[in-house]
Every structure is written in C-alpha cells, then in structure tokens.
Amino acid sequence: MVEQLLDRVFGEGRQARTAYRIRAGMDWLEALSFAALDGDDLLVGTIQIWPIALTDPDGRDFPLLMVGPVAVLPDHQGQGYGKAMMAASLGAIEETSGNAPPLPQMLIGDADYYGGWGFTAAPTGEWRAPGQNEPERLLVRCENPAILPAKGNLGPWGSRKDLTS
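In the working numbering, each number is its position in the sequence shown, counted from 1, plus 33.
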C-alpha cells in the first residue's frame with residue numbers, strides 16, 4: 034500500500050530520482066518511519082527514514098538519517114498530515130538518541146517549508162548527490178553542523194564510492 038501511495042504522489046518514474054540513488058540498497062528504519070490514516074482508516078500519508086552517509090574526500094563516512102519521502106495523497110494535502118508525520122519522525126529520532134545528540138538528518142526539499150523544523154542548506158553547498166539535483170534543495174538539520182564535512186558525497190551507508198557520476 035505504501036508503494037502504491039508513493040506512485041500516486043510522485044509518479045511511476047520516482048525510483049530514478051536522486052533520493053532513491055542516495056539510499057540505494059538500504060532498508061528504511063521502521064521505528065522512525067510512520068504512516069497517516071484518515072478517519073476511515075485509509076492510508077493517506079507516509080514518511081520514511083533511511084540510514085545514509087556523507088563520505089568526505091578522504092573516504093570517511095559520516096552517518097546521517099535521510100528523511101523522506103514525505104508523501105500525502107493529493108486530496109488530503111493541506112490537512113496537517115505531513116506536519117504530523119514530520120513531528121512524529123523527528124520526535125522519535127530525538128527520543129531514541131537519549132542523552133546524546135541525534136544523528137544529523139538530511140532531506141531533499143523546499144527550504145521555506147522544511148526550515149520550520151530547522152533544516153537548512155547553509156552547510157550543504159559543497160555536498161554532492163548522485164544524478165541530477167538542485168544543491169539548494171539538499172537540506173540538513175544538525176545541532177552543530179560544524180561536525181560535518183564541508184565537502185562530500187551523499188550515498189548509502191557504507192558505500193564508500195564516488196556517487197557523483
């Protein structure tokens with residue numbers, strides 16, 4: 034049902050998008066991912082969280098959590114489902130971190146919308162993602178962005194390969 038919802042929201046060619054290439058071969062983290070049901074208990078939204086990495090020029094992997102896709106059926110958009118799922122996922126990330134800061138989270142999206150949760154493109158200007166992408170849409174949320182490399186390639190956790198080609 035989740036795959037059908039994603040097809041409806043993003044189209045059947047969605048698997049060719051950059052986000053899919055970044056998390057290729059990884060399984061989403063069920064404990065941090067959520068679904069939204071409407072009043073009739075029908076699936077109307079989903080959010081998934083994935084383990085990925087930013088690999089610096091020296092080949093060191095910095096673990097990140099990729100947020101997305103965040104998807105709500107078109108006829109249910111604007112009703113708060115997306116915001117509720119974002120709050121649930123980000124809250125679960127913080128809750129599972131205990132006393133330690135949570136892993137940095139990244140997503141591909143609109144800075145005006147996701148900035149409300151602390152996501153910004155400021156530290157990601159020299160990050161690279163596989164395939165076509167708009168660098169200003171690579172957003173990160175991190176208590177201290179200085180811990181992340183200024184340059185690097187986004188990809189599946191443990192890939193250690195150049196994914197920019």
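The C-beta atom is built at its ideal place from N, Cα and C for all residues, glycine as well. From a predicted model like this one, the values you see are computed outputs, not experimental measurements.
Three-state secondary structure (DSSP) of residue i
i	result
E159	strand
F95	strand
Q48	helix
M119	helix
G185	strand
W150	helix
R202	The first residue shown for the chain is 34 and the last is 198, placing residue 202 beyond what the model contains.
G124	helix
A104	strand
L62	coil
A144	helix
Q165	coil
P137	coil
L38	helix
8 Å contact criterion, which residue i and residue j should meet: CB distance rounded
i	j	result
G185	T88	5 Å
W150	R174	6 Å
M119	R56	Actually they do not touch by this definition, with Cβ atoms about 18 Å apart.
L181	F95	6 Å
L97	Q138	7 Å
Cα-Cα separation, residue i to residue j
i	j	result
A104	D74	17 Å
P84	E159	20 Å
P163	L187	7 Å
P189	M59	6 Å
I141	E128	23 Å
R47	V35	13 Å
Y114	Y53	23 Å
P134	E176	7 Å
R41	G78	11 Å
L62	G191	16 Å
Closest by C-alpha distance to residue i, when choosing among the options
i	options	result
P178	L187, A155, N166 and G188	A155
P102	R93, D91, D145 and S122	S122
*Could you say if the region 114 to 129 and the region 59 to 70 meet the contact criterion of at least three C-beta pairs nearer than 8 Å?*
yes
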